[in-house]
Ligand code: NAD
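Numbering (my numbering), first residue to last: 144 to 396.
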């Protein structure tokens with residue numbers, strides 16, 4: 144039995160990850176804004192600190208792994224909220240749990256997105272990676288939800304890759320899963336949107352394997368990356384998207 148912690152376990156992909164880890168007999172500490180072991184708002188620094196303190200207190204012997212899954216979709220009009228939850232709610236939690244993970248040679252899995260490689264606003268991504276709040280505010284003024292979302296997921300993947308060496312020195316592996324379109328409450332909100340719904344349905348119809356993702360597809364990838372079978376895998380961004388990224392960017396990997 145391993146001891147894991149995760150964010151975003153109350154819904155969608157996170158709920159499937161939670162279920163698969165519990166079914167496998169592991170101990171799991173779930174952080175979410177509601178319906179969780181630790182209820183914390185990851186959009187605020189106070190909420191992120193409370194989440195870290197709560198996890199450390201609930202796992203006094205350390206963590207075998209941490210999964211950062213909480214996220215906010217591109218349909219949410221509050222753009223600073225998307226950036227805060229998706230980027231800070233991921234990276235600050237990993238940093239806050241680093242010592243706890245080092246005690247058990249833990250594995251980290253971040254949930255990015257197959258939208259991460261899309262063209263975004265480079266200055267916005269740099270502002271996130273640099274922790275430059277003033278630049279972030281300035282960049283967000285001229286952006287829209289989709290690029291704020293995809294840029295936040297690109298920043299998560301790049302933060303992971305920049306930190307893999309330092310974390311490996313403490314015995315911690317880090318990887319990211321980049322889901323493609325997956326049927327969850329988040330995507331239902333966009334699919335039912337009167338403006339974007341039809342375009343989304345046409346986009347889903349182009350997924351090479353012929354179906355949208357299910358939350359369980361992501362949970363299986365996460366379980367693998369957490370496991371001993373993945374002990375030589377660190378720094379990877381695993382696209383779990385039915386071939387959509389390869390279709391859109393065949394010559395890049
Ligand atoms: P979802 O909306 O079903 O789940 C998101 C979870 O994050 C919820 O449990 C929610 O309560 C939690 N959350 C949101 N804001 C929070 C906050 N401020 N504090 C604490 N918790 C908060 O969405 P999902 O589709 O299951 O998405 C899960 C992750 O997968 C997200 O990071 C999302 O960006 C990513 N993702 C999803 C898709 C997809 O197609 N569904 C594709 C690529 C990436």
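The C-beta atom is built at its ideal place from N, Cα and C for all residues, glycine as well.
CB of residue i within 8 Å of CB of residue j, strictly
{"i": "residue 213", "j": "residue 151", "result": "yes"}
{"i": "residue 244", "j": "residue 211", "result": "no"}
{"i": "residue 323", "j": "residue 217", "result": "no"}
{"i": "residue 321", "j": "residue 259", "result": "yes"}
{"i": "residue 250", "j": "residue 368", "result": "yes"}
{"i": "residue 160", "j": "residue 329", "result": "no"}
{"i": "residue 355", "j": "residue 326", "result": "yes"}
{"i": "residue 377", "j": "residue 318", "result": "yes"}
{"i": "residue 191", "j": "residue 241", "result": "no"}
{"i": "residue 198", "j": "residue 176", "result": "no"}
{"i": "residue 261", "j": "residue 295", "result": "no"}
{"i": "residue 365", "j": "residue 252", "result": "yes"}
{"i": "residue 279", "j": "residue 291", "result": "no"}
{"i": "residue 314", "j": "residue 248", "result": "yes"}
{"i": "residue 153", "j": "residue 179", "result": "yes"}
{"i": "residue 206", "j": "residue 148", "result": "yes"}
{"i": "residue 186", "j": "residue 224", "result": "yes"}
{"i": "residue 146", "j": "residue 170", "result": "yes"}
{"i": "residue 164", "j": "residue 226", "result": "no"}
{"i": "residue 297", "j": "residue 333", "result": "no"}
DSSP-derived helix/strand/coil call for residue i
{"i": "residue 176", "result": "coil"}
{"i": "residue 367", "result": "helix"}
{"i": "residue 267", "result": "helix"}
{"i": "residue 185", "result": "coil"}
{"i": "residue 261", "result": "coil"}
{"i": "residue 147", "result": "strand"}
{"i": "residue 355", "result": "coil"}
{"i": "residue 392", "result": "coil"}
Rounded Cβ spacing between residue i and residue j (contact assumed at less than 8 Å)
{"i": "residue 387", "j": "residue 257", "result": "6 Å"}
{"i": "residue 255", "j": "residue 300", "result": "5 Å"}
{"i": "residue 204", "j": "residue 246", "result": "7 Å"}
{"i": "residue 358", "j": "residue 156", "result": "5 Å"}
Any C-beta of chain C under 8 Å from that of residue i
{"i": "residue 336", "result": "Structure shown: chain C not included; a single protein chain is present."}
The ligand MG heavy atom lying under 7 Å from the CB of residue i
{"i": "residue 175", "result": "Ligands present in the displayed structure are limited to the ligand NAD, and the ligand MG is not among them."}
Practice item. Counting only runs of 4+ residues fully inside the segment 328–352, write out the alpha helix (DSSP H) ranges in chain order. Key: Fully contained in the segment 328–352 are the following alpha helix (DSSP H) runs of length 4 or more, in chain order: 328–334, 340–347.
Can you list, in chain order, the stretches of the alpha helix (DSSP H) that have 4 or more residues and sit fully within the segment 190–259?
222–226, 232–239, 241–245
**Entirely enclosed beta strand (DSSP E) segments - the segment 261–324, minimum 3 residues** = 316–322
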